[in-house]
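Protein chains in written order, with the working numbering: chain A, 1 to 117; chain B, 118 to 230.
The beta-carbon is built from N, C-alpha and C at its ideal position, and this holds for glycine as well.
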Amino acid sequence: GAGVSQSPSNKVTEKGKDVELRCDPISGHTALYWYRQSLGQGLEFLIYFQGNSAPDKSGLPSDRFSAERTGGSVSTLTIQRTQQEDSAVYLCASSSHGGGASSYEQYFGPGTRLTVT
Amino acid sequence: AQSVTQPDIHITVSEGASLELRCNYSYGATPYLFWYVQSPGQGLQLLLKYFSGDTLVQGIKGFEAEFKRSQSSFNLRKPSVHWSDAAEYFCAVNSGGYQKVTFGTGTKLQVIP
């Protein structure tokens, strides 16, 4: 089946503009993660969705960042009033939780490279 | 709360030499443990995982890792490194249920001829 997809693959925006990044997880995966990876840096956890539970937003760096997951599937990460320090690759991953040998293994999308000018 | 530590930020090895990347986790019970690799400009790929059973797990590309409960470690090893192994390696832990996966900060591996 299809893997995790993200769109757009690249986004260039002007400082102060809002952007939306999209993630389509693997069908049936209940867990969805967003990460940020700045140039040469490791993975920075942003937000975690699990089923119908309230998302874990503990990694969001500021209130300019928000995310939603509609119908337990597609997720959108929104960054308002973008700043240059928001430039990074934004990665989405999905996984199934709760049982089976493949549980908890994360499948990553190719990422969205965001450049704020 | 679960956490994972990768104490080595950068490691340089000669091609053909053996490799060991360290990973320590903090969690009371037996966690689920993972190693991922990210080649330059690429996404993350699962190398191997440990859930239960045999504490020595084999992965792709000739990698293996050993779970040592007494040391709270899950170190990644390869007997002979190839130039194509140059990448960043991430250890990750999950405590099961609906807890989120936690990643380490990564170890960048440089391979010299």
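To the nearest angstrom, how far is it from the Cα of V4 (chain A) to the Cα of E105 (chain A)?
Spanning the two alpha carbons is a distance of roughly 13 Å.
Note down, in chain order, every chain B residue with its Cβ under 7 Å from the Cβ of P110 (chain A).
Under the 7 Å cutoff, chain B gives G160.
Going by DSSP, what residue range makes up the beta strand (DSSP E) through N141 (chain B)?
Taken as a continuous stretch (DSSP letters only), the beta strand (DSSP E) holding N141 (chain B) covers N141 to S143.
Interface positions of the segment 212-226 of chain B facing chain E (Cβ-Cβ less than 9 Å), listed along the chain
Going by chain labels, chain E is absent from the structure shown, which instead holds the protein chains A and B.
Span of the beta strand (DSSP E), counted from its first residue to its last, around E183 (chain B)
Here the beta strand (DSSP E) through E183 (chain B) covers E181 to K185.
Run the CB neighbour count on Q216 (chain B), radius 10 Å, all protein chains shown included, and call it buried at 16 or more, exposed below.
Q216 (chain B) should be labelled buried.
Strictly under 9 Å for the Cβ-Cβ distance: is A209 (chain B) near chain A by that measure?
So yes, A209 (chain B) belongs to the interface.
Among all the DSSP beta bridges, which residues are the ones paired with Q155 (chain B)?
Bridge partners of Q155 (chain B) according to DSSP: B:L161 and B:E205.
Starting from Q106 (chain A), find everything on chain B with Cβ-Cβ shorter than 7 Å and list it in chain order.
Here the neighbours are V218.
CB contact below 9 Å: K185 (chain B) versus chain A:
It does not: the Cβ of K185 (chain B) has no partner Cβ on chain A nearer than 9 Å.
Measure the alpha-carbon distance for P148 (chain B) versus V210 (chain B) and round it to whole angstroms.
Cα to Cα, the separation comes out at about 6 Å.
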